[in-house]
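Residue numbers for the sequence shown, in our numbering: 21 to 607. Beta carbons: idealized from backbone N, C-alpha and C, even for Gly. Structure first, commentary second.
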Amino acid sequence: VPKVLTVELYPPAAVLDGAGTTQQLTVRAKYSDGTDRDVTNLAVFLSNNDTSATVSPDGLVTAHERGEAFIMARFETHTVGRQFIMLPKGQQYTDPKTPEFNFVDNLVYNKLRKLRILPSGVCTDEEFLRRASLDIVGVLPTMEEYVRFMEDKDEKKRVKLVDELLNRKEFVEVWVMKWAELLQIRTTNQISYKSMLRYYNWLQERIASNMPTDQMVRELLGSSGGTFQNAATNYYQNERDTLKTSENVAQVFMGMRIQCAQCHNHPFDRWTMDDYYSFAAFFSQIGRKRGEDPRELIIYNSGSGDVRHLVGNKVMAPKFLGGEVPDVKGKDRRVVMAKWLASSDNPYFARNLANIVWAHFLGQGIVNEVDDVRVSNPAVNPELMDALAGHFTEYKYDFKKLVRDICTSRTYQLSTQTNETNATDTVNFSHGSLRRLRAEVLLDTISQVTDTKNKFSGLPLGARAVQIANGNTSTYFLTAFGRAKRESVCACEVKMEPNLSQALHLLNGDTVQSKIVAGKLVDRLLAEGKTAPQVIEQLYVRCLTRKPTAKELASLSAVLAEQKNDKQVLEDVFWALLNSREYVFNH
Numbered sequence: 021v022p023k024v025l026t027v028e029l030y031p032p033a034a035v036l037d038g039a040g041t042t043q044q045l046t047v048r049a050k051y052s053d054g055t056d057r058d059v060t061n062l063a064v065f066l067s068n069n070d071t072s073a074t075v076s077p078d079g080l081v082t083a084h085e086r087g088e089a090f091i092m093a094r095f096e097t098h099t100v101g102r103q104f105i106m107l108p109k110g111q112q113y114t115d116p117k118t119p120e121f122n123f124v125d126n127l128v129y130n131k132l133r134k135l136r137i138l139p140s141g142v143c144t145d146e147e148f149l150r151r152a153s154l155d156i157v158g159v160l161p162t163m164e165e166y167v168r169f170m171e172d173k174d175e176k177k178r179v180k181l182v183d184e185l186l187n188r189k190e191f192v193e194v195w196v197m198k199w200a201e202l203l204q205i206r207t208t209n210q211i212s213y214k215s216m217l218r219y220y221n222w223l224q225e226r227i228a229s230n231m232p233t234d235q236m237v238r239e240l241l242g243s244s245g246g247t248f249q250n251a252a253t254n255y256y257q258n259e260r261d262t263l264k265t266s267e268n269v270a271q272v273f274m275g276m277r278i279q280c281a282q283c284h285n286h287p288f289d290r291w292t293m294d295d296y297y298s299f300a301a302f303f304s305q306i307g308r309k310r311g312e313d314p315r316e317l318i319i320y321n322s323g324s325g326d327v328r329h330l331v332g333n334k335v336m337a338p339k340f341l342g343g344e345v346p347d348v349k350g351k352d353r354r355v356v357m358a359k360w361l362a363s364s365d366n367p368y369f370a371r372n373l374a375n376i377v378w379a380h381f382l383g384q385g386i387v388n389e390v391d392d393v394r395v396s397n398p399a400v401n402p403e404l405m406d407a408l409a410g411h412f413t414e415y416k417y418d419f420k421k422l423v424r425d426i427c428t429s430r431t432y433q434l435s436t437q438t439n440e441t442n443a444t445d446t447v448n449f450s451h452g453s454l455r456r457l458r459a460e461v462l463l464d465t466i467s468q469v470t471d472t473k474n475k476f477s478g479l480p481l482g483a484r485a486v487q488i489a490n491g492n493t494s495t496y497f498l499t500a501f502g503r504a505k506r507e508s509v510c511a512c513e514v515k516m517e518p519n520l521s522q523a524l525h526l527l528n529g530d531t532v533q534s535k536i537v538a539g540k541l542v543d544r545l546l547a548e549g550k551t552a553p554q555v556i557e558q559l560y561v562r563c564l565t566r567k568p569t570a571k572e573l574a575s576l577s578a579v580l581a582e583q584k585n586d587k588q589v590l591e592d593v594f595w596a597l598l599n600s601r602e603y604v605f606n607h
């Protein structure tokens, strides 16, 4: 019997003008004998947003409220989908001809035109300076950096700022932290402190030297030797279950949660049980033995071992996810897999890493969550995803160049202030997003502006929280604000949502007030002969990267005149700034 090779859904996309508008779908299947046929009446149809569009069992799409819907069709083990846009009937729209700084803007604005959405204006210089500094290096601009940037009259000063930030060591530290989460770098019953530290240093060396990401991943996944001698082998010491290892590799490096296919064909994606066990077979011959030091584990290719299908107990030959069956005879299966995974032959690798970088700077992924890529969770802008992946590949996987593309785009520089058309848009990047600072960055910036130092286990006094190597090292502050414990590879481990305990800790905890007192910043500024209004201006620039407004300065001046205790009032102002939403959020 001929096998179904591919399923196609027509039309490839649609914009429906007004509630009640309909569009008939057609599903065609292509078979291994070269034939194809219309299988519309045999397919199952689904909509991911019934509020905007519903689809009948026979494939008729009906528009409802304004918005987007991803319409899926499933036939046999194949699931395909298409984006549908629903607009109000006869909506008046004039293309604003918004300026475009690079290819990112072109693709974002093309989507916004289809949705009849006007992008917000560009953020102010002060907002950009703060936003870029926090996103790229995880620190706030100093008073000197603020003055220099604001006085610079060069039209390209924002591009110059991005280039400067990309060359700072703090940029490396931020991305070492993010990769350490993906690789679950922490001490466990299996991983000693020495192994963990060598693993972290291995990662730091590669990112600091700007090693191309594909090269780093191949070195990691194909690693052999002792966990002290070749620290990359700790990846296979951390997780020793064959199936779980394959799941982690798919989730971290391709953004796919294939766990579902362990017991049944994935109902909302293309992956089958055959795909699952065939991919797991790449990790079935990992050998592990103790070194001379009992804390060290030797990882090697055992040359034997197979994965059997849950149904039928059949031995599965190694097969790339969505790819071919490679020749692994006499070879280390992991090396074969790593060479394919971190290459342009694998369409998911560059897309996944580009999506992770995009999510860091824009607040959410083009596919969101970044590690939940599936047919039923489509990219909100597939063309943008493809372009980012294409450029990343052209750059030989130098993600610093990709960061530059994103941060110099007009899309990244959009204001958080919305207009009538984009006020309800949360997914198409038509305006800047308000993002709570992640735990490590928030603690580091509080220490920075108060001139105080932190002491973390295993690190010298004054080290930044983003430099903590061990996922098991934490403080009450970092735990309360959602620092990842690195117990799983899931992107959901980093908690970015604000909550009551965080607010209470900033108000009453031992972090903000004690650092204000210990740092004695207000005392020093007054001792230098600065007036109270000058101190207030310094505090505003340090915390919010802007000067106080005339209204704010007038209100605070009135309090100063009433209280007659400048130091106490100024410390209260400092405390209030550190507790403000404007400080805790990147905007």
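Should Arg601 go down as buried or exposed, given a rule of 16 or more other Cβ atoms within 10 Å for buried?
Here residue 601 refers to the residue found at position 581 when the sequence shown is read from its first residue. That one is exposed.
Quick check: the Cα distance between Lys616 and Asp391, rounded to an integer number of angstroms?
The first residue shown for the chain is 21 and the last is 607, placing residue 616 beyond what the model contains.
Starting from Gln43, trace the alpha helix (DSSP H) in both directions and tell me its first and last residue.
Start at 1 with the first residue of the sequence shown, and residue 43 comes out as number 23. Premise fails: Gln43 lies in the beta strand (DSSP E), 42 to 44, not in any alpha helix (DSSP H).
With a floor of 3 residues, list each beta strand (DSSP E) that falls wholly inside the region 470 to 505, ordered by position along the chain.
none
Which parts of the region 143 to 224 are runs of the alpha helix (DSSP H), unbroken and 4 residues or longer, counting only runs that do not cross its ends?
145 to 156, 163 to 171, 177 to 186, 189 to 202
Enumerated in chain order, which unbroken segments of the alpha helix (DSSP H) with a length of 4 residues or greater are wholly contained in the region 412 to 445?
419 to 427
Residues bridged to Asp347 by DSSP?
Taking the sequence shown and counting its residues from 1, the one referred to as residue 347 is at position 327. According to DSSP, residue pairing for Asp347 in a beta bridge does not occur.
Can you tell me the Cα-Cα spacing of Pro568 and Pro77, whole angstroms?
The count along the sequence shown starts at 1 and reaches residue 568 at position 548. The count along the sequence shown starts at 1 and reaches residue 77 at position 57. The alpha-carbon atoms of Pro568 and Pro77 are separated by roughly 60 Å.
Within 10 angstroms of its Cβ, does Met163 collect 16 or more other Cβ (buried), or is it exposed?
Locating residue 163 in the sequence shown gives position 143, where the first residue counts as 1. Classification of Met163: exposed, given that the 10 Å Cβ count is below 16.
To the nearest angstrom, how far is it from the Cα of Asn126 to the Cα of Leu263?
Taking the sequence shown and counting its residues from 1, the one referred to as residue 126 is at position 106. Taking the sequence shown and counting its residues from 1, the one referred to as residue 263 is at position 243. The alpha-carbon separation between Asn126 and Leu263 amounts to approximately 42 Å.
Cα separation between Phe594 and Gln522?
Sequence index remark: in the sequence shown, residue 594 carries index 574 (1-based). Sequence index remark: in the sequence shown, residue 522 carries index 502 (1-based). Approximately 18 Å between the Cα atoms of the pair.
Taking all protein chains shown into account, do 16 or more other C-beta atoms lie within 10 angstroms of the C-beta of Ser215, making it buried, or fewer, making it exposed?
As a position in the sequence shown, residue 215 is number 195, starting the count at 1. Answer is buried; the Cβ neighbour count reaches 16.
When DSSP labels each residue in this structure, what does Tyr51 get in the three-state scheme?
Counting from 1 along the sequence shown, the entry for residue 51 is found at position 31. Strand, per DSSP.
Work out the CA separation of Leu138 and Leu479 for me, nearest whole Å.
Here residue 479 refers to the residue found at position 459 of the sequence shown. Here residue 138 refers to the residue found at position 118 of the sequence shown. Those two C-alpha atoms are separated by around 48 Å.
For a test of the three-state rule: what should DSSP assign to Glu460, helix, strand or coil?
Within the sequence shown, numbered from 1, the residue matching residue 460 stands at position 440. Helix.
Select from Leu341, Leu62, His329 the residue whose C-alpha is nearest the C-alpha of Phe299.
Walking along the sequence shown from the start, residue 299 turns up at place 279. Taking only the C-alpha atoms, the option nearest Phe299 is Leu341.
Going by the DSSP bridge assignment, what does Asn321 pair with across the sheet?
Position 301 of the sequence shown holds residue 321. Answer is Ile306, bridged to Asn321.
Look at the alpha carbon of Ala358 and the alpha carbon of Ser244, and state the distance between them as a whole number of angstroms.
Residue numbering aside, residue 358 sits at position 338 when the sequence shown is read from its first letter. Residue numbering aside, residue 244 sits at position 224 when the sequence shown is read from its first letter. In a straight line, the C-alpha of Ala358 is about 13 Å away from that of Ser244.
Would you give the residue range spanned by the alpha helix (DSSP H) that Ile536 belongs to?
Looking up residue 536 in the sequence shown gives position 516. 532 to 539 is the span of the alpha helix (DSSP H), which, as asked, contains Ile536.
Work out the CA separation of Asn68 and Ile17 for me, nearest whole Å.
Any question about residue 17 goes unanswered here, given that the chain covers just 21 to 607.
Which residues in the same chain have their Cβ closer than 7 Å to the Cβ of Ala399, if we skip the five residues on either side of it in sequence?
One-based indexing of the sequence shown puts residue 399 at position 379. For Ala399, same chain residues with a beta-carbon under 7 Å away, outside a window of 5 residues either side, are Ile386, Val387, Met405 in chain order.
CA-CA distance, Ser429 and Trp378?
For the purposes of this step, residue 429 is taken as the residue at position 409 of the sequence shown. For the purposes of this step, residue 378 is taken as the residue at position 358 of the sequence shown. Taking the straight line from one Cα to the other gives about 12 Å.
Using C-beta distances below 7 Å, list every residue in its chain close to Val128, excluding the 5 sequence neighbours before and after it, in chain order.
Position 108 of the sequence shown, counting from 1, holds the residue named residue 128. Taken in chain order, the residues that qualify are Asn401, Leu404, Thr431, Phe449.
Mind reading off the beta-carbon distance from Gly383 to His607? Whole number of angstroms is fine, and I expect it under 8 Å.
Along the sequence shown, read from residue 1 onward, the residue named residue 383 stands at position 363. Along the sequence shown, read from residue 1 onward, the residue named residue 607 stands at position 587. Not a contact, Cβ separation roughly 10 Å.
For Thr136, which three-state DSSP category applies?
The residue labelled residue 136 in the question sits at position 116 within the sequence shown. First, the amino acid is wrong: residue 136 is Arg here, not Thr. Coil.
Taking the alpha-carbon positions, what's the Val237 to Leu463 distance?
Within the sequence shown, residue 237 is the residue found at index 217, counting from 1. Within the sequence shown, residue 463 is the residue found at index 443, counting from 1. Their backbone Cα atoms lie some 31 Å apart in a straight line.
Can you tell me the Cα-Cα spacing of Pro232 and Ser575, whole angstroms?
The count along the sequence shown starts at 1 and reaches residue 232 at position 212. The count along the sequence shown starts at 1 and reaches residue 575 at position 555. When only Cα atoms are considered, Pro232 and Ser575 end up about 53 Å apart.
State the Cα-Cα distance for the pair Ile426 and Ala374, rounded to the nearest angstrom.
Taking the first residue of the sequence shown as 1, we reach residue 426 at position 406. Taking the first residue of the sequence shown as 1, we reach residue 374 at position 354. C-alpha separation (whole angstroms): 10 Å.
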